[in-house]
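*Asks:* Just so you know, the protein sequences line up as chains A and B, in that order. The first sequence begins at 1 in the working numbering and counts up by one. The second sequence begins at 1001 in the working numbering and counts up by one. Next up is a structure, given as structure tokens.
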Amino acid sequence: MKRHRKHLHGVTSIDYYACQSGLRQWNGCYKVCAAIVILILCLLLDNPWVSMAVILTMGVVNLRGNGVSFPVYLGLLKIPIAFLLLGGLGVALSISSHPMEPMSISMHWFYLYVTRETLMEALQLFLKAMGAVSALYLLALSTPASELTAVLRSIHMPKLLVELMYMIYRFIFILMDVQQGMKNAAISRLGDADFKTSCTTFGQIGGNLLILSLKKANTYYDAMISRGYEGDFPFWEEKKSVKAWQLVILGLYITVLLLIARITSVIDK
Amino acid sequence: MTKRQRKLFIASIAFAVVFGIIPNANAMHIMEGYLPFGFCVAWGIVSLPFLVKGFFAIQKKLGQDRKNITILAMSGAFIFVISSLKIPSVTGSCSHMTGTALGAILFGPSAVSILGIIVLIFQAVLLAHGGLTTLGANTFSMAIAGPFLSYGVYRLCKKSKINQRVGVFLAAVIGDLFTYCITSFQLAFAYPSEGGVWVSAAKFLSVFAPTQLPLAIIEGFLTVVVMITLENYAQPELKSAGYLENGKR
């Protein structure tokens, strides 16, 4: 399959990459389990070397396996940066009533200071979170949300929730389309001329979007009923079996991560 | 440089740092991997009773009329789309609404808790806002605490006969600020500093304040504009969403 290198924006982009991923044919349950195990390992081991290993390997898998181009992947990694920077500041800075070593800033009433320990803690937290985000991308970029919902159904989540998820997932794209149309119409009529106008435009688009979506909801219900809907979505699913070598790879990967954690903790002591 | 010039220069740097480096001031989703494992599980357990209540509320609503299923699903999609839209801002940085207050006022807080957790899952896998391990914490702050308080404020304003638009505005702003406070406390519990949880919470609150305070006020205005549009054009639709039944205007 030819892979497009076009850069897409917003909701459609991750979903798009998930649908054209090279790992699309792998078993959904396997991908969910693998991503969650790696995530939990990242959190529980809390070891900067393990985090770095996860960031690197997941980067390679996402670029090679999931077929995301390097600039796009960098763009995706940028999304959590704002939160991580601000949260990191919160961890790294401490407050004191008198100046502290090695660096403190006077804030008139109190002093903000940074110590080596808090800085290291913030850095370690940054690496841990980036590792976890990379593992999340392994899942997000290889598994479309519909497949994810199928996995939830296979672990017997309440039927009502699964049904709602299926529908919400589909409706998101319909509403995005409608919203894009409204936005284009508004902008081409100078709806974003200044701040006040763009606020009004935003509000009106929001209101109209709700009106349209509720109207559509009725239409869709009629359409579903007339096609025999009885509270079930028996979607056709491809059978994707887990192969032995895939399990071996996952097992090896986990062992290597555990080994890295063990070795580095011995060296640190 | 004169003293005044220097002050201006420093102010402009501060401005650039706040709005330039932070390209994407998300609503307060705690990122994937940011909370220790124990806290992820704990917040999940705290959220559970609310989710169960929400589940039964939705089930009851469907029992009344099966047709409500598409309306609920559309409402969920609506909350997702609203919260993924870039809101207009003076500085050109891009930020998003939380949409929790709007959802709570329109659909009621119990239904929003279930719709909220589904929306948060999709936000994590489709937009990389938030994450799977932090789902419990995010659900509590954005789909439970925020909406319940917004709804409470809205009802209170209505009871005490305050102008409805002011009520909607207050509900949205207070709900947003509450979400932001809860998130800061969640971070503080996980990463207490030397002075304890309160000092740490103060740090997180002040670090996020420059982006969150203006956002809350803008969100309040936008929610009011959306509600005005709805009341002008969509009486029957509002009824089907449960707004008018609950509110009995």
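Note that beta-carbon positions come from the ideal geometry of N, C-alpha and C, so glycine has one too. Note that this is a predicted model, so its numbers are computed, not measured.
1. Can you confirm whether T1070 of chain B, when its beta carbon is compared against all beta carbons of chain A, has any partner nearer than 8 Å?
2. What are the residues of the stretch 1187–1211 of chain B that lie near chain A, defined by any Cβ-Cβ distance shorter than 7 Å?
3. Which one of A:L252, A:S94, A:Y16, A:A145 has the shortest CA to CA distance from I122 of chain A?
4. I think L119 of chain A touches A92 of chain A, with their Cβ atoms under 8 Å apart; what is that distance to the nearest whole Å?
5. What is the C-beta distance between V61 of chain A and I38 of chain A, in whole angstroms, given that I count them as a contact (C-beta under 8 Å)?
6. Determine whether the Cβ of R5 of chain A lies closer than 8 Å to any Cβ atom of chain B.
7. Among B:A1042, B:R1066, B:E1194, whose alpha-carbon lies nearest the alpha-carbon of G117 of chain A?
8. Hey, quick one: how far does the beta strand (DSSP E) through V304 of chain A stretch, first residue to last?
9. Compute the beta-carbon to beta-carbon distance between T200 of chain A and D192 of chain A, rounded to the nearest angstrom, for a pair I have assumed lies under 8 Å.
10. Within a Cβ cutoff of 6 Å, which residues of the same chain sit near V32 of chain A, ignoring the five residues on either side of it in sequence?
11. Name the one or two DSSP bridge partners that S1260 of chain B has.
12. Given this structure, state the Cα-to-Cα distance separating L1106 of chain B from L1222 of chain B, to the nearest angstrom.
13. In chain B, what lies closer than 9 Å to E163 of chain A by C-beta?
14. Run the CB neighbour count on P1049 of chain B, radius 10 Å, all protein chains shown included, and call it buried at 16 or more, exposed below.
15. In chain order, what are the residue ranges of uninterrupted beta strand (DSSP E) at least 3 long that sit wholly in the stretch 23–109 of chain A?
16. Verify whether the separation of the beta carbon atoms of S1141 of chain B and I1182 of chain B is less than 8 Å.
17. For Y1151 of chain B, which residues of its own chain have a beta-carbon under 6 Å away from its beta-carbon, when the five flanking residues on both sides are left out?
18. Among A:F233, A:L86, A:V256, A:A129, which one has its Cα closest to the Cα of L286 of chain A?
19. When you compare only the Cα positions, how much space is there between G1116 of chain B and K215 of chain A?
20. Are any of the Cβ atoms in chain A nearer than 8 Å to that of E1032 of chain B?
21. Under the rule that 16 or more other beta-carbon atoms within 10 Å means buried, what is V266 of chain A, buried or exposed?
22. Please go through the same chain and pick out, in chain order, the residues whose beta-carbon is closer than 8 Å to the beta-carbon of N47 of chain A, but skip the five residues on each side of it.
23. How would you label Q1235 of chain B, buried or exposed, when you count the other beta carbons within 10 angstroms and need 16 or more for buried?
24. For the stretch 1036–1067 of chain B, which residues have a CB atom closer than 8 Å to at least one CB atom of chain A, in sequence order?
25. Whose C-beta lies closer than 8 Å to the C-beta of T1133 of chain B among residues of the same chain, with five residues either side of it excluded?
26. Tell whether a beta-carbon distance below 8 Å holds between M1074 of chain B and F171 of chain A.
27. I'd like the list of long-range same chain contacts for F126 of chain A, defined as Cβ closer than 8 Å, with 5 residues on each side in sequence excluded.
28. Assuming C19 of chain A and P158 of chain A make a contact with CB atoms under 8 Å, what is their CB distance in whole Å?
29. Check whether the Cβ atoms of V1273 of chain B and Y1154 of chain B lie closer than 8 Å to each other.
30. Tell me, please, which residues DSSP counts as bridged to H1250 of chain B.
31. Within 8 Å (strictly less), CB to CB, does L56 of chain A reach chain B?
32. Work out the CA separation of I1118 of chain B and I1082 of chain B for me, nearest whole Å.
33. Quick one, which of B:V1112, B:A1202, B:I1144, B:N1138 has its alpha-carbon nearest A1124 of chain B's?
34. Can you tell me whether DSSP reads K240 of chain A as helix, strand or coil?
35. In the structure shown, what three-state DSSP assignment does K183 of chain A receive?
36. List, in chain order, every chain B residue whose beta-carbon is nearer than 7 Å to that of Q180 of chain A.
*Replies:* Considering the structure as presented:
1. Position 70 of the second sequence holds residue 1070 of chain B. Output row for T1070 of chain B: interface = yes.
2. L1187, Y1191, S1193, E1194, G1195, V1199, K1203, F1204, V1207, F1208
3. As a first step, residue 122 of chain A must be located in the first sequence, where it is residue number 122. A small fix is needed here, since residue 122 of chain A is Ala in this sequence, not Ile. For A122 of chain A, the nearest C-alpha among the options comes from A:S94.
4. The residue given as residue 119 of chain A occupies position 119 in the first sequence. The residue given as residue 92 of chain A occupies position 92 in the first sequence. Yes, L119 of chain A and A92 of chain A are in contact; Cβ-Cβ is about 5 Å, under 8 Å.
5. For the purposes of this step, residue 61 of chain A is taken as the residue at position 61 of the first sequence. For the purposes of this step, residue 38 of chain A is taken as the residue at position 38 of the first sequence. Not confirmed; about 10 Å, so no contact.
6. Residue 5 of chain A sits at position 5 when you count from the first residue of the first sequence. For R5 of chain A, the predicted structure reports a pLDDT of 42, less than 50, and the residue's modelled location is therefore unreliable. A value from the coordinates is still provided. Cβ-Cβ to chain B under 8 Å: no for R5 of chain A.
7. Position 117 of the first sequence holds residue 117 of chain A. At residue 117 of chain A the sequence reads Glu, which differs from the Gly that was named. Per the C-alpha coordinates, the member of B:A1042, B:R1066, B:E1194 positioned closest to E117 of chain A is B:E1194.
8. The structure shown does not extend to residue 304 of chain A, since chain A is modelled only from 1 to 269, so the question has no answer here.
9. As a working mapping, residue 200 of chain A is identified with position 200 in the first sequence. As a working mapping, residue 192 of chain A is identified with position 192 in the first sequence. Taking 8 Å as the upper bound for CB-CB distance, T200 of chain A and D192 of chain A are not in contact here, some 10 Å apart.
10. Locating residue 32 of chain A in the first sequence gives position 32, where the first residue counts as 1. If we look at V32 of chain A and ignore the five residues flanking it on each side, its Cβ neighbours are V151.
11. What is shown of chain B runs 1001 to 1249, which leaves residue 1260 of chain B out entirely.
12. As a first step, residue 1106 of chain B is located in the second sequence; it is residue number 106 there, counting from the start. As a first step, residue 1222 of chain B is located in the second sequence; it is residue number 222 there, counting from the start. Those two C-alpha atoms are separated by around 15 Å.
13. By 1-based counting over the first sequence, the position of residue 163 of chain A is 163. I1069, A1073, listed in chain order.
14. Position 49 of the second sequence, counted from the start, is the residue given in the question as residue 1049 of chain B. P1049 of chain B is exposed by the Cβ-count criterion.
15. 93–96, 103–106
16. Your numbering for residue 1141 of chain B matches position 141 in the second sequence. Your numbering for residue 1182 of chain B matches position 182 in the second sequence. S1141 of chain B is a Cβ neighbour of I1182 of chain B, given a cutoff of 8 Å.
17. The residue you call residue 1151 of chain B lines up with position 151 of the second sequence. Closer than 6 Å at Cβ, skipping near neighbours: A1104, P1109.
18. Residue numbering for chain A in the displayed model covers 1 to 269; residue 286 of chain A lies beyond these limits and cannot be assessed.
19. Taking the second sequence and counting its residues from 1, one reaches residue 1116 of chain B at position 116. Taking the first sequence and counting its residues from 1, one reaches residue 215 of chain A at position 215. Near 22 Å, if we compare the C-alpha coordinates of K215 of chain A and G1116 of chain B.
20. Position 32 of the second sequence holds residue 1032 of chain B. Yes - at least one Cβ of chain A is within 8 Å of the one on E1032 of chain B.
21. By one-based count along the first sequence, residue 266 of chain A stands at place 266. Exposed, because fewer than 16 other Cβ atoms sit within 10 Å of the Cβ of V266 of chain A.
22. Against the first sequence, residue 47 of chain A aligns to sequence position 47. Hits under 8 Å: I260, A261, T264, S265.
23. As a working note, residue 1235 of chain B is residue 235 in the second sequence. Under this definition Q1235 of chain B is an exposed residue.
24. P1036, F1037, C1040, F1055, I1058, Q1059, L1062, R1066, K1067
25. Translated into positions along the second sequence, residue 1133 of chain B becomes position 133. Cβ within range, chain order: E1032, G1033, L1035, F1037, C1040.
26. Against the second sequence, residue 1074 of chain B aligns to sequence position 74. Against the first sequence, residue 171 of chain A aligns to sequence position 171. Taking 8 Å as the Cβ cut-off, M1074 of chain B and F171 of chain A qualify as a contacting pair.
27. Indexing the first sequence from 1 puts residue 126 of chain A at position 126. Cβ within range, chain order: L84, G88.
28. What you label residue 19 of chain A is simply residue 19 of the first sequence in a count that begins at 1. What you label residue 158 of chain A is simply residue 158 of the first sequence in a count that begins at 1. So it is not a contact: roughly 27 Å between Cβ atoms.
29. The shown model of chain B, from 1001 to 1249, leaves out residue 1273 of chain B, and the question about it has no answer.
30. Only positions 1001 to 1249 of chain B appear in this structure, which leaves residue 1250 of chain B out of reach.
31. Locating residue 56 of chain A in the first sequence gives position 56, counting from the first residue. Judged by the 8 Å Cβ criterion, L56 of chain A is not in contact with chain B.
32. As a position in the second sequence, residue 1082 of chain B is number 82, starting the count at 1. As a position in the second sequence, residue 1118 of chain B is number 118, starting the count at 1. Straight-line Cα distance between these residues: approximately 15 Å.
33. Looking up residue 1124 of chain B in the second sequence gives position 124. Here the closest residue by C-alpha is B:N1138.
34. Translated into positions along the first sequence, residue 240 of chain A becomes position 240. The answer is coil: DSSP assigns K240 of chain A none of H, G, I, E or B.
35. Here residue 183 of chain A is taken as the residue at index 183 of the first sequence, counted from 1. In this structure, K183 of chain A counts as helix in the three-state DSSP scheme.
36. Within the first sequence, numbered from 1, the residue matching residue 180 of chain A stands at position 180. Those within 7 Å of Q180 of chain A in chain B number zero; the least Cβ separation is about 10 Å.
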